[in-house]
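K.L.:
Residue numbers (the working numbering): 3 to 217. Glycine included, each C-beta is placed from N, C-alpha and C at the ideal position. Model, not experiment: these values are computed from the prediction. Dumping the structure here so I can ask a few things about it.
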């Protein structure tokens, strides 16, 4: 049985609005300062590439040696453990495909990080196109629950699209004489765990849980 050594180590690294998002009663200035901007770095040169601008509120789970316990190739992975996401009184387990968010249903699954070697789990992923289709910001609160580890954390995610993005994008594309790199904000986002703001810890994870695989 895995025992928790350390939970939630913070490190540096949706279209409908949910009415249950926390912070509705709070002064927006108190939490908007925690928001980050997802930007699209653009240029007219062919080597600029296409960045991954998706939003994934990810949880990493590793052992005491920092071995990834969400990696399917790890024989000690915990993908069949009893953790789940709880939202509006319903439980959504790994592999479920009906987590409701932003007017859609999403799959609870593990994701390979943008660094191409870490894995994480999240109740949903939203592509940039889905974010930009939102008519209002997404403000959603749910719990990550792991009964066998006696873990429960409340997670809030917030995503606010830049309503001027399409116009700004088209203006840049039309200005073919501009040879500079241009950064255009796609959306603002934030994540809070048990009320504390967590910045992205790097490619692919927001925060992680460390467990002792020897116990």
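1. Could you tell me whether the stretch 133–148 touches the stretch 66–73, where touching means 3 or more Cβ pairs closer than 8 angstroms?
2. Between residue 103 and residue 87, which are expected to be in contact by the criterion C-beta below 8 angstroms, what is the C-beta distance as a whole number of angstroms?
3. Let me check understanding here. Comparing Cα to Cα, which of 134, 121 and 185 lies closest to residue 59?
4. Does the distance from the CB of residue 93 to the CB of residue 101 come in under 8 angstroms?
5. Indicate whether the contact test is met: 3 or more Cβ pairs, each with one atom in the stretch 177–186 and one in the stretch 144–154, closer than 8 angstroms.
6. Short check: CB of residue 128 to CB of residue 163, under 8 angstroms?
7. Rounding to the nearest angstrom, what Cα-Cα distance links residue 38 and residue 79 in this structure?
8. Looking at the structure shown, is residue 127 part of a helix, part of a strand, or coil, going by DSSP?
9. At the level of alpha carbons, what is the spacing between residue 114 and residue 63?
10. From residue 34 to residue 153, what distance separates their C-alpha atoms?
11. Let me know the secondary structure DSSP gives residue 149 once reduced to three states.
12. Exposed or buried, what is residue 97 when buried is set at 16 or more other beta-carbons lying within 10 Å of its beta-carbon?
13. For residue 165, which of 212, 213, 156 and 131 has the nearest alpha-carbon?
14. When DSSP labels each residue in this structure, what does residue 136 get in the three-state scheme?
15. Based on Cα-Cα distance, which residue from 42, 173, 44 and 195 lies nearest to residue 159?
16. Run through DSSP, which three-state label would residue 202 get?
17. In the DSSP assignment, the beta strand (DSSP E) including residue 38 goes from what residue to what residue?
P.N.:
With the given structure in hand:
1. no
2. The distance from the Cβ of residue 103 to that of residue 87 is about 11 angstroms, inconsistent with a contact at the 8 angstroms cut-off.
3. 121
4. No, these two residues do not count as a Cβ contact at 8 angstroms.
5. They do not touch, by the three-pair rule.
6. no
7. 31 angstroms
8. In this structure, residue 127 counts as coil in the three-state DSSP scheme.
9. 13 angstroms
10. 28 angstroms
11. helix
12. exposed
13. Closest by alpha carbon: 131.
14. coil
15. Answer by Cα proximity: 195.
16. coil
17. 38–44
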